[in-house]
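A quick write-up on the structure given underneath.
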Amino acid sequence: MSVISLENIKKIYELGDHSVHALSGVSLEINESEFVTITGASGSGKSTLMHIIGCLDTPTSGSYLLNGKDVSNLPRQDLADVRNKQIGFVFQGFNLLPRTTAVENVEVPLLYSRPVLPASERRKLALQALDSLGLSDRADHHPSQLSGGQQQRVAIARALVNSPSLILADEPTGNLDTKTSIEVMNLLRDLREQHGITIVLITHEPEIAAYGSRIISIRDGLIVSDTPNTPTESTLQDPPLVSDVAAAS
Amino acid sequence: MRERAHFLILAAQSLQRNWMQASLAMLGVTVGVGALVASMALGRGAQEEIKDQLLAAGANMIVVTAGNYQVERAQGAGAPADHGSIQREDFGRFIAQTADYYPSVKPFQFMQATAQPRFIKAHFEDDPMAEHDHPTASERLGDAMAGLGAAATLTLEDATAIRDSLPGVQFVASGVHENARIVVAADESRQWFTRLHGTEAELPEIRRGWTFPYGNFLSRRQVNNAEQVMVLGRVVADRLFGVSVNPVGEKVLLWNQEFEIVGVVGSRTWTAQPTAGDDQFDAVYVPVSTIHRLLNLSKLNTITVTTRSAGETTQISRQIVDLLRVRHGISDQMPDDFTVKTQAQELLGSGLSPDLARVVAGNMTSVDELTIEQLSSSLQRSNRTMLALLAGVAGVSLLVGGIGVMNLLLLSVTQRTREVGLRMAMGARGSDIAMQFVLESLVLSLLGGLLGAFVGVIAANVLETFFQWSTDISFLSIFIAIAVAVLLGMIASVYPARRAAILDPIGALNHE
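Chains A and B are the protein sequences, given in the same order. Heads up: take any position in the first sequence, counting from 1, add 1205, and you land on the numbering used here. Heads up: take any position in the second sequence, counting from 1, add 2, and you land on the numbering used here.
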């Protein structure tokens, strides 16, 4: 069954006397356990597409079925509940709450669960999520005490904690160095391979897009290519270590 | 609500993260609540003081006096408005003197009302012309003395009967009153003519305005054993031993008998300052039993009764009349051989300062109709201006505090737009976000309120200790002040919370 089913999605922004067509009719099916990477230049409409897939925004026209349920015209409150239960977000800027411990950050989505989870249950799930990402010894650290890679792993743990059917990652490696980017991408790939989680990832870097099982590229609000991909080992090159350079010379 | 209790923790955490701004906003609430608590304490203190003054002056008091004189008051003339209280006081003294020095004066006939008050003798036990259908006081008690306060018609048994058989009676104190010369035993050149009151241990309960700078009042044991102990009025203590000298333990002579001083009585309120010649503080107190023993008497001049509630004085005074008439065997045709006076009648002649008496009596048409409620409301009117001022200060402070809270929350919404966007992306509904801000405001105002209550209590104590302002802090007023602060916090949070709740998640997430 397809997790995401988009049918002729259009998004038009009215700006005074002229209108901007951010999406001009996108149709797309994404199945369970797919790792879809969406690439496109700035202004291509990939962010708008992600907002609609992430139920942060609703399309002007077209239909969107998420897990078979039409969410294209839901009121704000219901959209919030859909995001809470079915979608885990990973952002470029990590978006962790400052001066808040890692485990408390991971608990945030659980605070808004309906029905309400007891505090002990929230803490247990958050610690489990951190543990699965190898961060159990960092649970009580504040974001400022964590490296960029660790922060992004906390953010991924937060996206996973509610066991969503879909992970939406918006330029997740944008703020990371190459080595850490490889770590994070390998982690996402493992999540998909080991847990069958559906992942939609937006990036403008082809090397990152190459991790996907399917690569979609978008331009001027339309899908211009949609090709299956055999994920290869990273084409990203680690910069040579200072010690290696020193040894070689 | 209960299941969302974790938002409260969330709010507290969020305030902790912004503790600097939060504490500044809280300061406003603290000052406001502090001012409110302090002003309510001052207001209640003022009311309590008024009540104390009235009770000190005897507004719930009934005095039964031996003998029966009735002052006939002119209708509509000589009313209290033209300082009738002062006249009346002087007039009362005249009666007392007349009665003391001319015990066998002939009874006046009942006269028609004229412009001037006058007195008549309605029942003179020793009047040879009078016909008695009951045993006279002399026959009953074998005592030839008669006259107002000197008529031997009241006994300790009467006092006991009043105390034991009338519900609603609070305290009863028997009294024998004489003029006496008090001599310091160690130095007989130091002496003072003053009023001697034989009384019981309960008297301080009746004289609410009393305080004891040195020692204590007569104890029950001392009264029961008829011990030769004495409490000096402040004026007497000052005259005999000097100002601010503790005379407790010293010996004085009364009727050439040695008495040990056990205490000094002074006034607690500014309305009744001890002055030479007054009946309370230019006076000495000894057990009534001691006087009875030394003089070999059993008569009483007065029985002083207080009622539990001031509203009952009229009813209880009627019951006392009925009780004593039965006890004295007086038939329906004959007048009482005692006089029962209630509250305001006595009030104007007993220790209330003339200024205050004028304030009280100035608005009253008839002194007899005064009730304690009327008395206090009349006095409270003058206090209302000050209370309004204090309440104004508190109100403005609270308003400023509320604006501070609202300002903090608005700033917080702007600064934390990204956080709001993130929470919304994670599935927070608008109402969840709104509740977070409302709860933050509630926590802030509750903490500010609690702190403010603390500050207010301290402020009230400082005012009381260093400026001698009467204050009275009630738990209710503290509760009200905190409730007002919380309500204010809630109102202040409505607009910021709503602004946060309607934020667009995408815009909020991309907010820098």
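We put the CB at the ideal spot given by N, CA and C, even for glycine. It should be emphasised that the depicted structure is a prediction, and the values quoted were computed from it without experimental measurement.
Inset, instruction - Would you mind stating whether G458/B and A485/B have Cβ atoms separated by less than 8 Å? - result: no
Inset, instruction - Return the chain-ordered list of same chain residues with a C-beta closer than 6 Å to the C-beta of A40/B, the five sequence neighbours on each side being excluded. - result: G458, A461 and A462
Legend entry - C-beta atoms of T306/B and G177/B nearer than 8 Å: yes
Legend entry - 8 Å Cβ cut-off: residues of chain A touching D474/B: Near D474/B there are no residues of chain A at all, since even the closest Cβ is about 43 Å away, more than 8 Å.
Legend entry - Segment contact, 8 Å Cβ cut-off, at least three pairs: the stretch 439-449 of chain B with the stretch 1320-1327 of chain A: no
Inset, instruction - Report the rounded CA-to-CA distance for H179/B versus S300/B, giving the unit in angstroms. - result: 13 Å
Inset, instruction - Just tell me which of A1360/A, G1417/A and T1435/A has its CA closest to the CA of N1300/A. - result: A1360/A
Inset, instruction - Assign N1236/A to one of three DSSP states: helix, strand, or coil. - result: strand
Legend entry - Within-8 Å CB hit, E421/B to chain A: yes
Inset, instruction - Give a single yes or no on whether V342/B has its beta carbon closer than 7 Å to a heavy atom of the ligand GTP. - result: The ligand content of the structure shown is nil, which means the ligand GTP is not present either.
Legend entry - Cα-Cα separation between L465/B and K1290/A, rounded to whole angstroms: 59 Å
Legend entry - Cβ-Cβ distance between L1322/A and V1366/A below 8 Å: no
Legend entry - Residues in the stretch 414-447 of chain B having any Cβ partner in chain A nearer than 8 Å: R420, E421, L424, R425, M426, A427, M428, G429, A430, R431, G432, S433 and D434
Inset, instruction - Determine the chain A residues that contact L12/B at a beta-carbon separation under 8 Å, and present them in chain order. - result: L1316
Legend entry - Residue from W471/B, E190/B, V238/B and Y287/B whose Cα sits closest to the Cα of R209/B: Y287/B
Inset, instruction - Using a Cβ cut-off of 8 Å, pull out every chain A residue sitting near R19/B, in sequence order please. - result: P1303, R1304 and T1305
Inset, instruction - Indicate the three-state DSSP secondary structure (helix, strand or coil) for L234/B in the structure shown. - result: strand
Inset, instruction - Please state whether DSSP places T304/B in a helix, a strand or coil. - result: strand
Legend entry - Contained alpha helix (DSSP H) runs [length at least 4] in the stretch 409-442 of chain B, N- to C-terminal order: 419-427
Inset, instruction - Compare the C-beta of N1300/A against all C-beta atoms of chain B and say whether one is closer than 8 Å. - result: yes
Inset, instruction - Kindly list the residues whose CB is nearer than 8 Å to the CB of P1436/A, restricted to its own chain and excluding five residues on each side of it in sequence; keep chain order. - result: F1240, R1394, A1415, Y1416, G1417 and S1418
Legend entry - Contact set between the stretch 467-501 of chain B and chain A, restricted to residues whose Cβ is under 9 Å from the partner: none
Legend entry - When F1294/A, L1228/A, R1358/A and R1424/A are compared against I1387/A, the one with the closest alpha-carbon: R1358/A
Inset, instruction - Using 10 angstroms around the beta-carbon of G1339/A, count the other beta-carbons present and answer buried if the total reaches 16, otherwise exposed. - result: exposed
Legend entry - Per-residue contacts from H1256/A into chain B (C-beta, under 8 Å): I508
Inset, instruction - Could you name the residues of the stretch 1321-1346 of chain A whose beta carbon sits closer than 7 Å to any beta carbon of chain B, in the order they occur along the chain? - result: V1321 and A1324
Legend entry - Beta-bridge pairing of K1274/A - partner residues as DSSP gives them: L1271/A
Legend entry - Secondary structure of L1373/A, DSSP reduced to three states: strand
Legend entry - Stretch-stretch touch, CB-based, cutoff 8 Å, three pairs: the stretch 1401-1413 of chain A with the stretch 1369-1376 of chain A: yes
Legend entry - Distance, L205/B Cα to P169/B Cα: 19 Å
Inset, instruction - Whole angstroms is fine: what's the gap from R1281/A's alpha carbon to T1263/A's? - result: 9 Å
Inset, instruction - Could you tell me which of D1286/A, Q1356/A, L1270/A and A1362/A sits nearest to P1320/A, measuring between CA atoms? - result: D1286/A
Legend entry - Simplified DSSP state of R183/B, which is helix, strand or coil: strand
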